[in-house]
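Chains as they are written, first to last, in the working numbering: chain A, 516 to 832; chain B, -15 to 275. Where is the CB? At the ideal position from N, CA and C, for every residue including glycine. If you're wondering where the values come from, they're calculated on a predicted model, not measured in any experiment. Everything below concerns the one structure shown next.
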C-alpha cells in the first residue's frame, strides 16, 4: 500500500508541472502582456512601466520568469494583486470556506439523493420509477445552471418570498447561523440538481453491472437476504467507479459553483474568478487556475488511494 | 420466415430498428430537426429584423398581438425574431465547436492509440493535464483575451473540450488495431496513414458519432454560459445567452424575457442529449448506460 501511494504521488509531479506550464502559458496570451492594466492607464509614465517591469521581473527571459513563478508557487508566494497589492494566495484562501460550504452541502445532498435513486433504479430495473428517474436525470443534465438558478430565484424569492435571493448574510447580521442556512438553500438546490442527475446515472449503471456478477448469484443461492446482498456484496464493488467519479467531478464542481455563485452573489471562489476576469486581475486568475488544478490532482490522487484501499487488486497491479 | 422479418438484414436497418424503439431519442431528433430548420429559415419566419428598435413598444407581453407573437424586450425588439436569430448563433457555435472537438480529439486519439509508445504516453499525459482545469475556467480566460467573434468562440469551446473524445477514440483504436483486418491491411502493404484513416477511423465511427452529438449539446450550453457572463457573443448580435443577461435586469417585472431564451437553450441541449443517448443505444449496445 505504501509503495502504491508513493508511486501515485510520483506520478502526480509531472502532472503538476504540466499544469503549471499550461497555466503560465495561457497568461502569456493576455493582450498587452501581464502589465496591460498599467500600460492602458494614462497617468502612468513610460519610465514607471519600465520600473514596474523590473520589479515584477518581466524584463527577464520567459523561462526565467517561469522558473521564478513556479518556485514561488512552492514557497507560497503566488504574486500580488494589481489593485491593492495583496498576496494572491490570501485573496484566494479567504474565499475557500464559502465555496467549500456550498460545494459540501450540494455534494452531500446530491450523493444521498443520487445514490438512492440510482440503486433503486438498478434494483427495480425498467420499472416506472426507473424510467422516470433515468429520463428525469437526462432532463436535469440539459438545464443551463444559470437559467435554473434564475427561475428558482423568481419562484422562491420573488414570487413566494420564502427564501432570500442571494448573498450569504443580511447586512449587519453576519454570523447568524440560521440566516446563513436560509441563504444556503437555493444555491445548494441549484448546484445539487445536476450532480444528483450524474450520480443517479452512474450509480445505476455501477450497481447493474455488479448485480450481474457471479458472486451475486452465489450469494443469492446460499441464502443471503436481499438487504445484506446489496450492502455487503454489491456496495463495496459498486463503490469503486463512484469514488473515481467523485475525483473526476471536482473540476466540474468548481465550474458549476462559478455560475451558481455568480447568480446568487455567493462570495466564494467562483465569484472571485468572474470578478478577477472583469477587473483583468491576471495574477488572481492565474493563481485560481493553479489552485483549482492542484486541488483536482489531489482529489484524483485521494480517489485512487481510496479505491486501492478497498480493492487489493488495484494496488498489486 | 417470421424471424427474418423481425430482424432486418442490413446493419443500417438494425440500427434504425433499435433507434426507433427509443421514443425520447425520436423526440430529440424531431426537436433537433425543427431547430435546424428554424435557424436555417430564420429570415423567413422572423416577424421583423431582430435588431430593429422601437422604444414606443417596450415590454410587450407574449401572445398579445400578431405583430409580436412572443412580445418585445427592453428596447422594443421583437422577441421571436431575436430567438430565431439567436438560435442561428447557438447552433452555428455548437456545430463548429463540435467539428473542432471531434477533429482534434479523433486525431490525437488515433495517433496515440495507433502509434503507442512514448507518443501515446506524452499525448495522454497532455490530456490528463488539460483535464485538471475546469472547462469554464479555460474558456473564460481565453475568451477574455481573444476578440469575441463567432469563429473564435466556437474554436475556444472546441479546443477546450476535445479531451474526452480523444480518450474514447484511443480506447476504441487500441481494441480495433488487434483485429484481423488490420493485420490483413498491413500484410497487403498498406501505409500507416492508410491503416489509421482508411481502416481504423471508419470502424470507430459509432462512438465518435455519439460523442459528436453530445458535444453539440455541451457546446450550446457553454456558449450560453460565456455569453451570459459577457465574454461570448456581443450585442447587438442576439444569442440566447446574452438575451438572458439583458433580461436579468427586468427579471422581477417581466419574467418572460428570461424564461423564453432559457427554455430555448434547455430545449436545444435536451434535444441533442436525447438524440445522442438514443444513438448510443442503437449504434453500439456495448456502450449503453445500462450494461
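When burial is assigned at 16 or more other CB atoms within 10 Å of the CB, is residue i buried or exposed?
i             : result
residue 252/B : buried
residue 775/A : buried
residue 729/A : exposed
residue 801/A : buried
residue 787/A : buried
residue 714/A : buried
residue 275/B : Annotation note: pLDDT 37 at residue 275/B (below 50); position unreliable, coordinate value reported separately. Classification for residue 275/B: exposed.
residue 795/A : buried
residue 133/B : exposed
residue 141/B : buried
residue 534/A : buried
residue 646/A : exposed
How big is the Cα-Cα spacing for residue i and residue j?
i             : j             : result
residue 271/B : residue 127/B : Caution is warranted here: a pLDDT of 48 is assigned to residue 271/B, below 50, making its placement in the model unreliable, and the coordinate value is therefore given only provisionally. So the two alpha carbons sit approximately 34 angstroms from each other.
residue 748/A : residue 630/A : 16 angstroms
residue 706/A : residue 623/A : 11 angstroms
residue 656/A : residue 560/A : 52 angstroms
residue 239/B : residue 61/B  : 16 angstroms
residue 738/A : residue 720/A : 25 angstroms
residue 674/A : residue 211/B : 27 angstroms
residue 206/B : residue 538/A : 21 angstroms
residue 590/A : residue 203/B : 38 angstroms
residue 579/A : residue 585/A : 10 angstroms
residue 617/A : residue 224/B : 28 angstroms
residue 88/B  : residue 743/A : 47 angstroms
residue 107/B : residue 144/B : 15 angstroms
residue 102/B : residue 519/A : 23 angstroms
residue 237/B : residue 723/A : 48 angstroms
residue 632/A : residue 661/A : 25 angstroms
residue 4/B   : residue 77/B  : 29 angstroms
residue 574/A : residue 568/A : 6 angstroms
residue 242/B : residue 235/B : 7 angstroms
residue 653/A : residue 642/A : 17 angstroms
Who are the near neighbours of residue i in its chain, counting only those whose CB is closer than 6 angstroms to its CB and skipping five residues on each side?
i             : result
residue 201/B : 253, 256, 257
residue 13/B  : 259
residue 711/A : 625, 628, 629
residue 198/B : 260
residue 667/A : 701, 705
Within the same chain, show all residues whose beta-carbon is closer than 8 angstroms to that of residue i, passing over the 5 residues directly before and after it, in chain order.
i             : result
residue 658/A : 708, 709
residue 610/A : 782, 783, 784, 786, 787
residue 22/B  : 29, 68, 71
residue 607/A : 593, 784, 787, 799, 802, 803, 806
residue 19/B  : 71, 75, 251, 252, 255
residue 246/B : 224, 228
At what residues does the alpha helix (DSSP H) containing residue i begin and finish?
i             : result
residue 794/A : Here residue 794/A belongs to no alpha helix (DSSP H), and DSSP marks it neither H nor E.
residue 535/A : 517 to 543
residue 248/B : 240 to 267
residue 723/A : 692 to 726
residue 159/B : 147 to 160
residue 584/A : 577 to 590
residue 191/B : 189 to 212
residue 232/B : 224 to 232
residue 74/B  : 63 to 99
residue 27/B  : 26 to 29
residue 136/B : 134 to 143
residue 174/B : Looking at the DSSP string, residue 174/B is not in any alpha helix (DSSP H), and its letter there is neither H nor E.
residue 615/A : 611 to 638
residue 236/B : Looking at the DSSP string, residue 236/B is not in any alpha helix (DSSP H), and its letter there is neither H nor E.
residue 735/A : 729 to 736
residue 0/B   : -5 to 5
residue 655/A : 643 to 657
residue 664/A : 660 to 667
residue 119/B : 119 to 129
residue 605/A : 603 to 608
Near residue i, which residues of its chain fall below 7 angstroms by C-beta distance, leaving aside the five closest residues on each side in sequence?
i             : result
residue 165/B : 183
residue 758/A : 818, 821, 822
residue 754/A : 825
residue 678/A : 671, 672, 697, 700, 701
residue 663/A : 705, 708
residue 16/B  : 255, 256, 259
residue 118/B : none
With a threshold of 6 angstroms (Cβ to nearest heavy atom), would residue i be considered close to the ligand COA?
i             : result
residue 178/B : As for the ligand COA, it is missing from this structure, which has no ligand bound.
Problem set entry | the region 116 to 130 of chain B in contact with the region 227 to 247 of chain B per 3-pair CB rule at 8 angstroms | no
For this session: Please list the residues of the region 136 to 163 of chain B that have a C-beta atom closer than 8 angstroms to any C-beta atom in chain D, keeping them in chain order.
Result: The structure shown contains no chain D; its protein chains are A and B.
For this session: Pair every Cβ in the region 150 to 157 of chain B with every Cβ in the region 62 to 69 of chain B, then say whether three or more of these pairs are closer than 8 angstroms.
Result: no
For this session: May I ask you to verify whether the region 96 to 114 of chain B touches the region 154 to 164 of chain B, counting CB pairs closer than 8 angstroms and requiring at least 3?
Result: yes
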